[in-house]
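Below is one structure, written out as structure tokens; comments come after it.
4 protein chains.
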Amino acid sequence: MRMAVLTSGGDAPGMNAGLRAVVRAGLDRGFDVVGIRRGYAGIFDDGFEPMDRRSIVNIVQRGGTVLGTSRCPRLRTDAGLAEAVQILRRQRIDAMVLIGGDGTFRGGAALEAAGGPATVGVPGTIDNDVPGSETSLGFDTAVNTAVEAIDRIRDTATSHEVLHFVEVMGRHCGAIALAAAVAGGAEAVLVPEAELSDRTLAARIDAEMRAGKRSVIVVLSEGAREGSAEQVAANVAGVLGLEHRLTVLGHIQRGGSPSAADRILGALFGLEAVDAVAEGARGCYIGQRSGAIVRIPYGELDGPPVGLDQRLVRAAHLIS
Amino acid sequence: MRMAVLTSGGDAPGMNAGLRAVVRAGLDRGFDVVGIRRGYAGIFDDGFEPMDRRSIVNIVQRGGTVLGTSRCPRLRTDAGLAEAVQILRRQRIDAMVLIGGDGTFRGGAALEAAGGPATVGVPGTIDNDVPGSETSLGFDTAVNTAVEAIDRIRDTATSHEVLHFVEVMGRHCGAIALAAAVAGGAEAVLVPEAELSDRTLAARIDAEMRAGKRSVIVVLSEGAREGSAEQVAANVAGVLGLEHRLTVLGHIQRGGSPSAADRILGALFGLEAVDAVAEGARGCYIGQRSGAIVRIPYGELDGPPVGLDQRLVRAAHLIS
Amino acid sequence: MRMAVLTSGGDAPGMNAGLRAVVRAGLDRGFDVVGIRRGYAGIFDDGFEPMDRRSIVNIVQRGGTVLGTSRCPRLRTDAGLAEAVQILRRQRIDAMVLIGGDGTFRGGAALEAAGGPATVGVPGTIDNDVPGSETSLGFDTAVNTAVEAIDRIRDTATSHEVLHFVEVMGRHCGAIALAAAVAGGAEAVLVPEAELSDRTLAARIDAEMRAGKRSVIVVLSEGAREGSAEQVAANVAGVLGLEHRLTVLGHIQRGGSPSAADRILGALFGLEAVDAVAEGARGCYIGQRSGAIVRIPYGELDGPPVGLDQRLVRAAHLIS
Amino acid sequence: MRMAVLTSGGDAPGMNAGLRAVVRAGLDRGFDVVGIRRGYAGIFDDGFEPMDRRSIVNIVQRGGTVLGTSRCPRLRTDAGLAEAVQILRRQRIDAMVLIGGDGTFRGGAALEAAGGPATVGVPGTIDNDVPGSETSLGFDTAVNTAVEAIDRIRDTATSHEVLHFVEVMGRHCGAIALAAAVAGGAEAVLVPEAELSDRTLAARIDAEMRAGKRSVIVVLSEGAREGSAEQVAANVAGVLGLEHRLTVLGHIQRGGSPSAADRILGALFGLEAVDAVAEGARGCYIGQRSGAIVRIPYGELDGPPVGLDQRLVRAAHLIS
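Residue numbers (the working numbering), protein chains in the order written: chain E, 1 to 320; chain W, 1001 to 1320; chain V, 2001 to 2320; chain R, 3001 to 3320.
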């Protein structure tokens, strides 16, 4: 068995831990293991590289992905797909493990449909928006990063009467914002999944302040609203007649040494992916459901979006 | 409804997050909420203190427990129990939320049996050894602390030929050691639940070094063996003819700002505990099973010990 | 001797360490020590509070300031000054220690001029812009915070071809930006003290990329340019035909547990301030010159601005 | 000019930052730059490796040393020295930059005396025990690591009546212990430079507890006493009739991403070392005096030991 592995899409802490597990488990089964550099693009530009135990020494704690990642529009064309399948055949790849998000898995499905090797996905994205899985590599780390930022702002926020806004990642999915708000004890949270007008938000903040809060921190997803976070912040602060400060966490959330949970998840996802490959599985990705590690058919990628954890929605409402 | 809340046993990061959720959710239901300082000892020495929203401002991020904790041998006597029940009646306590470990919950069971108020437990212990629950407040933080220590040692371990031993907490339960070993990429792990002789361990390390490892880190629970960690380390290093260094993490693992996961768990456990109190539940503790928040009867405290997560045992074996 | 102490201006990590040293050293000399809450505003709104050893337990590690701070326009009027002097007399304050920035010290000078008590300043500001002192409380922590952010972005920046911009604090002073750029290995830095056109910056980045850099991070002070950081980033990226991402660190830099260096500085500054008070000094602030702790007369506040450390300017140029 | 660079002795955070500066500044001057792997041992076992800009990409933030280090008893013999000189001639090395401690610099002096190339030292050791220099690479990071550990223990120490002992590095030099004690607010500190009997220490702790302290943390250097830290801890706790807990930080202090200050120091030391090489200097090491970067002749290595910073001794005494 000759098994390739790549990382694709936006990088996420824990991808290296997942990669390490895939390589070690593959070698343990006697597979030939091949890394592909720069994601799908590496198929076209000779990114193939044999992996042994030395290839993955001392990477479990490192952020980003040592294999690299990139966009690959070429794979979205029929010609590109056909060429990729040919190259993968020439490289004698029997199966591929794809570490990335739903877009990465769709690429795998397309490759399979075009006659390519078996593919098995491993969810690696800080956004935690892979359908059917409760979590993905990088989400726990990203939330911890956002919470640390909120803690620091809280230190200073207790001294002044200023509204603080913290923009976190999540164009279509408020998972990071919601989890960070609950963990950080934020006074309010704005997510793409829920409508909340500036006036309503301002009224809510006003109520908190009347109840004695001396500092107010609002967490918002980058995709929570039309318009920039700065506009939202200025509007809400304007309604209340307060000053405001905006922090934009940006790519800080993608980096950093992965949390213990993300590394352990990388190990479990990686081992399961190699088990799946060994058993001849294809057309599926690994995920977590009710705490268990499971295999999910690519078909579920077209199901309903994940949605927010309603327990956290309640927590944010009750104890912010 | 007049609801008391206390923290008891060894303190754990996330206890404050749990406390905050219990108080906020209780106030939201219109309960009178009373904190008891210094654990069960506070029942006897006038530790009762009314809690309002201000009592829990800015505590979600703080390690330890703002209510304090202590040992209370007095509660283990019949006379002590009877006195405690009387005091709790005088204080008109209808229900108590107990944040702590299995010993804390046994105290609650004894109080109920002696005619005391309804009690509901919330697992708060870094050891993750509460029967029936997959996790407890403080475990995720403690593992992250241990992993950070391993990462730092790895930085320097790559330069020298020295065996590094890291002792983590866990007198009867290897959960921290196992999780930290998988997440830290340790070369071996010693836990109370599994026999592993010094010679076998040395042979295993020898094999790793022959396979090219330049640095070796062994994680061991404080309860992994008779005798001190220093003796184990010296023995194993002696067999291999190598130098060794020992790090003892000790109480570092109990402190620190709680991780995002422990704070969120504190919110979910705390909300469920107050739901339980509101519904008239008693004689149970909150836990996590298959990822869901559940209520577990005190009777399960006498069930079989938790045991190691076999998925992690496999991961430690395959990818160390 | 009855000595008051307050914190004023933007808060900074290490203020609590300074406060602790002032209180402990004052008590050790047998002074009555009084804290004033909310900075100068506390003089007017009854912010006086006796300080003993218990007042400062467990604060050395905390961000922000436990005494609080606020703006106080009232002190800038003659009537306000006269009233403040009267209140301070009524409170029998013999001397005041003022922890803050140059504005705070000017307030002290004005109080002295109006017949108020002796005042001694302690530099506490992340901006490191107090004339005559090499450093101030909070600067080291703020630089570490910015560097941590740069490290995280570097993790992910190594995978993609995107320009990263990180905005740090410093409206008039590029000290944080320069230090963070050198420590973070940033490819370029923009500060208020030096002109650098977008075209020149773009040319420089282009040269770096031709020399093989796969990732580019530019650090800029909030006051580096007219216009927003977003505009600068968009312009430079536009010239180069690359994508860009902006991170705005904002108030994250003001918070967080102080670094060891800031806590030690707090101890040394605080002890020296109390020595000065005991010796009857007035009209001066503590500072660091050539590594030594010194007293600097208020007159130097009107001297030339601090300017950038030219050794770091050279380092940024040579080794970015 | 062909310039070699090596790291030697115990590794220290910031060595990579120093290495990066040496390489970049050397290349900037048009030097041939050669790295030697594994310290002096690499001279004998073919550790020479040309360095270009790519050799040092993304290392500024990494702990340890990418060049590696090892012991080299061979260099301490006359035959070994003569052979090393011959090899260095064959490699046409004109000058060497030596990153390490005083032992490393003595090696350089011996090489020069035996007819080897010019050598210039850069202090890199967490112990901060290089004669004549106020600081060295790694010290600031190690102190921050120790302080973080103390902070965590403080979180839990506030809840129980237990003496906590924290052993930090420093066989002959109490610099880390003293700085960590002041920054961590420890109640007492034991260093090799000062006699302090167990009884005196116990009496002091007793006084602190009578004054109201609820938690006591004692920091001790590994070399503070004959006998193990465990013995000291047990003795002192025994006198007081209290329980005790010991944390041994061990090699945790050598690792970790370097602090901003250590990276900046690496830049300044590295640039000055290359300036010295370019100017034909030899027989000296770089250091910091009164905050300035200076060159110190090897002769000062035989001067009096560094001694503790008396300002910190006073601070530890007054405000612990």
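All C-beta atoms in this analysis are idealised placements derived from N, C-alpha and C, irrespective of residue type, glycine included.
Can you check DSSP and say which residues form a bridge with S3221/R?
For S3221/R, which the question treats as bridged, DSSP gives the partners V3168/R.
Inter-residue Cα distance where the pair is R2053/V and R2024/V
About 7 Å.
Can you tell which of V3236/R, C3284/R, L3201/R and A3177/R has the C-alpha that lies nearest to the C-alpha of V3219/R?
From the listed residues V3236/R, C3284/R, L3201/R and A3177/R, the smallest Cα separation to V3219/R is found for A3177/R.
Distance, V2120/V Cα to G1291/W Cα:
The C-alpha of G1291/W lies about 58 Å from the C-alpha of V2120/V.
For G2307/V, does the count of other Cβ atoms within 10 angstroms reach 16, so buried, or fall short, so exposed?
Burial check for G2307/V: the Cβ neighbour count within 10 Å stays below 16, so the residue is exposed.
Give me the chain R residues within the contact set of G2287/V, using Cβ-Cβ distance strictly less than 9 Å, ordered along the chain.
By Cβ distance, chain R contributes nothing, its closest Cβ being about 12 Å from G2287/V, past 9 Å.
Under 8 Å between C-beta atoms, does S1290/W make it to chain E?
Under the Cβ distance rule, S1290/W counts among the residues neighbouring chain E, one pair being separated by less than 8 Å.
Any chance you could list the alpha helix (DSSP H) runs of at least 4 consecutive residues sitting entirely within the stretch 203-265 of chain E, in chain order?
When DSSP assignments are scanned along the stretch 203-265 of chain E, the uninterrupted stretches of alpha helix (DSSP H) that are 4 or more residues long and fall wholly within it turn out to be 229-240.
Measuring straight from C-alpha to C-alpha, what distance separates G3032/R and R2171/V?
Per the sequence shown, residue 3032/R should be read as Asp rather than Gly. Their backbone Cα atoms lie some 42 Å apart in a straight line.
Interface residues of chain W around R20/E at Cβ under 8 Å?
Under the 8 Å cutoff, chain W gives G1185 and I1319.
Can you tell me which of R2254/V, V2022/V and I2150/V puts its alpha carbon nearest to the alpha carbon of V2277/V?
Minimum Cα distance to V2277/V is reached at V2022/V.
State the start and end residues of the unbroken alpha helix (DSSP H) segment that holds E76/E.
It should be pointed out that residue 76/E corresponds to Arg in this sequence rather than to Glu. Premise fails: R76/E is in no alpha helix (DSSP H) and is neither H nor E.
Those residues which DSSP pairs with T3119/R across a bridge
According to DSSP, T3119/R shares a beta bridge with M3096/R.
Within 8 Å of any Cβ in chain R, is that where the Cβ of R1152/W sits?
Taking 8 Å as the threshold, the shortest C-beta distance from R1152/W to chain R falls below it.
Within chain W, partners of E134/E - CB distance below 9 Å
Listed along chain W are G1291, each with a C-beta nearer than 9 Å to that of E134/E.
For D1302/W, count the other beta carbons within 10 Å of its own beta carbon; 16 or more makes it buried, fewer makes it exposed. Which is it?
Exposed, since its Cβ has fewer than 16 Cβ neighbours within 10 Å.
Meets three-Cβ-pair contact criterion under 8 Å: the stretch 243-254 of chain E and the stretch 225-234 of chain E
Yes, the stretch 243-254 of chain E is in contact with the stretch 225-234 of chain E.
Using the C-alpha atoms, what's the distance from S259/E back to G64/E?
Rounded to the nearest angstrom, the two C-alpha atoms are 13 Å apart.
Cβ-based burial, P2304/V [other Cβ within 10 Å; buried from 16]
Exposed, since its Cβ has fewer than 16 Cβ neighbours within 10 Å.
Where R1210/W falls, given that 16 or more other Cβ within 10 Å makes a residue buried
Answer is exposed; the Cβ neighbour count stays below 16.
Applying a beta-carbon distance threshold of less than 7 Å, which residues of chain V neighbour G3212/R?
Correct list: R2053 and R2054.
Could you check what DSSP says for V306/E in three-state terms: helix, strand or coil?
If DSSP states are grouped into helix, strand and coil, V306/E belongs with coil.
At what residue ranges does the stretch 3003-3045 of chain R contain a whole run of the alpha helix (DSSP H), taking only runs of 4 or more?
Within the stretch 3003-3045 of chain R, the runs of alpha helix (DSSP H) at least 4 residues long that lie entirely inside it are, in chain order, 3015-3028 and 3041-3044.
Which class does Q1086/W belong to by DSSP, given the choice of helix, strand or coil?
DSSP places Q1086/W in helix when its eight states are reduced to three.
Candidates G227/E, R254/E, R225/E and R199/E, of which the one nearest A237/E by Cα:
Ranking G227/E, R254/E, R225/E and R199/E by Cα distance to A237/E puts R199/E first.
Contact criterion: CB-CB distance below 8 Å. Does R1171/W meet it with respect to chain R?
Judged by the 8 Å Cβ criterion, R1171/W is not in contact with chain R.
Which residue comes first and which comes last in the alpha helix (DSSP H) that contains V3189/R?
DSSP places V3189/R in no alpha helix (DSSP H) but in the uninterrupted beta strand (DSSP E) bounded by A3188 to L3190.
With respect to the alpha helix (DSSP H) encompassing A3183/R, which residues constitute its N-terminal and C-terminal limits?
That run of the alpha helix (DSSP H) goes A3175 to G3184.
Please work out which residues of its chain come closer than 8 Å, Cβ to Cβ, to E3222/R, disregarding the five sequence neighbours upstream and downstream, and give them in chain order.
So the list reads E3167, V3168, M3169, G3170, R3171 and A3229, once near-sequence residues are dropped.
Can a CB atom of chain R be found closer than 8 Å to the CB of V2168/V?
Not closer than 8 Å to any Cβ of chain R, the Cβ of V2168/V fails to qualify, so no.
Can you list, in chain order, the residues of the stretch 229-261 of chain E whose Cβ is nearer than 8 Å to any Cβ on chain W?
Within the stretch 229-261 of chain E, the residues whose Cβ lies closer than 8 Å to some Cβ of chain W are S257, S259, A260 and A261, listed in chain order.
If you draw a straight line from the alpha carbon of A316/E to that of A1261/W, how long is it in whole angstroms?
Straight through space, the alpha carbons of A1261/W and A316/E are spaced by roughly 14 Å.
Within the same chain, show all residues whose beta-carbon is closer than 7 Å to that of D11/E, passing over the 5 residues directly before and after it, in chain order.
Same-chain partners within the cutoff: G64, T65, T69 and R254.
Enclosing beta strand (DSSP E) for R2289/V [first to last residue]
Per DSSP, the unbroken beta strand (DSSP E) holding R2289/V starts and ends at C2284 to R2289.
Counting along the chain, where does the alpha helix (DSSP H) carrying R106/E start and finish?
If you look at R106/E, you'll find it in the alpha helix (DSSP H) that goes D102 to A113.
Which residues, taken in chain order from the stretch 12-40 of chain E, show a beta carbon closer than 7 Å to some beta carbon of chain W?
Taken in chain order, the members of the stretch 12-40 of chain E whose beta-carbon sits within less than 7 Å of a beta-carbon on chain W are R20, A21, R24, A25 and D28.
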